[in-house]
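Going by the working numbering, the sequence shown opens with residue -17, and the numbers climb by one from there.
A virtual CB, placed ideally from N, CA and C, is assigned to each residue, including glycine.
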Amino acid sequence: THRDEASNTLFEISSKDFGLRAEILEVHLKNGKLPKLEVSQIPLPGFEETEDESTELAVENSV
């Protein structure tokens, strides 16, 4: 089933990075499409983006 596949993927990912946290969400199709998922607002451990870095990314992605 899809839940078994999701559980296996979650296990594989967390075994590679034990600091990673994830959860399995059950979602239903809306008009035949998957709904937009909300990205977590919890920052990644050890990752703090400075204003300079975000500006650099915006410039690189504008091309």
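- Judged by DSSP in its simplified three-state form, Lys18 adopts coil rather than helix or strand.
- A straight-line Cα-Cα distance of about 12 Å links Val9 and Ala(-12).
- Rounded to whole angstroms, Asn13 and Gly1 show a C-alpha spacing of 36 Å.
- Straight-line measurement puts the Cα of Arg3 at about 14 Å from the Cα of Gly28.
- Between Leu(-8) and Ile6 a beta carbon distance of about 6 Å is seen, short of the 8 Å cut, so the two are scored as contacting.
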